[in-house]
Amino acid sequence: MNAPIRAVILDLDDTLFDDSACTHAGLRAVAHAHSLSVDPADLFARHAAHIRAIDPLLFSGQLSAHGARVRRFAGLLTELGAAHPDGEAATLTYRAAYRKHWQLLPGAPEVLRDLRAAGLRLAVLTNYVREVQGQKLAHFGLDALVDAVLCVEDVPAAKPDSRAYHAACAALNVTPAQAVMVGDSWQKDVQGALAAGLRAVWVSRAGLPAQDAGVPVVSRLVDLPAALGLVPA
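FYI, the numbering for the sequence shown is 0 to 232, going by numbering that gives the first Met the number 0.
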């Protein structure tokens with residue numbers, strides 16, 4: 000029999016915070032500023048590839064968050080054949096639009112309050128830097144609704160390494176068997192958590208079925224308490 004759930008660990012981007020929508024808004028602004036005609040999905044994918052390539056420099060402290068943005072937009076604009084691939088100007092354009100469109104996914108604060116009211120300890124576990132993620136959490140007051148926030152600098156290794164989840168469990172003073180990881184990434188939030196001895200709930204906004212029939216799936220955060228068995232489904 001499973002141990003009773005004592006803690007819920009949540010991803011941030013595209014689990015509580017609508018990072019995809021904000022990113023699309025920022026990229027639209029950059030494309031417009033540089034008169035680029037590019038498919039939004041292709042632009043999003045190219046941008047994500049530049050993030051993956053540069054993140055190791057950011058995480059190792061060789062670049063600041065701003066410096067990482069400047070480098071990735073200089074590379075992205077060069078790749079797209081922009082006439083003036085100014086990474087600094089593109090970063091300012093992107094960040095202004097990204098910040099303007101900051102939004103939580105529906106129900107995020109309410110669900111956190113409901114989980115706390117049920118007596119559960121809560122943490123946010125994110126694979127990005129505190130300089131950025133801390134601003135988001137504070138802006139919406141989510142930092143006051145959780146017991147711990149672990150960013151990439153706070154763990155021995157990022158998700159899906161087992162040490163990331165174990166660090167979050169330690170911060171909440173629970174065992175892995177007593178914790179549930181909730182997130183939108185099948186690899187980082189579900190597979191990694193299961194391998195580390197936690198349970199998991201997959202946030203699939205597209206409504207896709209889980210690759211493992213034993214993993215609960217929610218397309219809306221408001222359905223999370225029921226998926227955890229806290230209220231009738």
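For each residue, glycine too, the CB sits at the ideal point set by N, CA and C. As the structure is a computational prediction, the values presented were derived from the model and not from experiment.
Can the beta-carbon of A137 be found closer than 8 Å to that of A167?
Cβ atoms of A137 and A167: not closer than 8 Å.
For V148 and D10, what's the separation of their Cα atoms in angstroms?
Each residue's Cα considered, the two are about 10 Å apart.
Of the residues L56, C21, R51, D54, which one's Cα is nearest the Cα of P39?
Of the listed residues, the one whose Cα sits closest to P39 is C21.
Between A82 and V29, what straight-line distance do the alpha-carbon atoms span, to the nearest angstrom?
Between A82 and V29, the C-alpha separation is close to 13 Å.
Determine contact between the stretch 84 to 92 and the stretch 107 to 120, defined as no fewer than three beta-carbon pairs at a distance below 8 Å.
Contact fails: fewer than three Cβ-Cβ distances are below 8 Å.
Who pairs with L229 in a beta bridge, going by DSSP?
Paired residue(s): none; L229 is not in a bridge.
Do you know how far the Cα of G74 is from the Cα of S63?
Near 16 Å, if we compare the C-alpha coordinates of G74 and S63.
Look at the alpha carbon of V179 and the alpha carbon of V173, and state the distance between them as a whole number of angstroms.
For V179 and V173, the distance between alpha carbons rounds to 11 Å.
If I'm right that V181 touches V214 with Cβ under 8 Å, what's the distance once you round it to whole angstroms?
Incorrect: roughly 11 Å between the Cβ atoms, too far for contact.
Sort V221, D222, V200, V217 by Cα distance to A6 and report the nearest one.
When each option's Cα is compared against that of A6, the closest is V200.
Does the separation of the CB atoms of V217 and A205 fall below 8 Å?
No, these two residues do not count as a Cβ contact at 8 Å.
Buried or exposed: which applies to H46, given that a residue is buried once 16 or more other Cβ atoms fall within 10 Å of its Cβ?
The residue in question, H46, is buried, as its Cβ has 16 or more Cβ neighbours within 10 Å.
Which residues mark the beginning and the end of the beta strand (DSSP E) in which V123 is found?
Unbroken beta strand (DSSP E) run through V123: 120 to 124.
A107 and L193 - do their beta-carbons sit closer together than 8 Å?
No. Outside cutoff.
Quick one: measure Cβ to Cβ for A209 and G196, integer angstroms, because I've assumed they're closer than 8 Å.
The Cβ separation is near 18 Å, so there is no contact.
Let me know the secondary structure DSSP gives R27 once reduced to three states.
In this structure, R27 counts as helix in the three-state DSSP scheme.
In the DSSP assignment, what are the bridge partners of R219?
The partner list for R219 (beta bridge, DSSP) is empty, contrary to what the question assumes.
For R71, tell me which candidate among L141, A52, L35 has the shortest Cα-Cα distance.
Checking every option, the nearest Cα to that of R71 belongs to A52.
Which runs of the beta strand (DSSP E) spanning at least 3 residues fall entirely within the stretch 131 to 169, listed in chain order?
147 to 149, all fully within the stretch 131 to 169.
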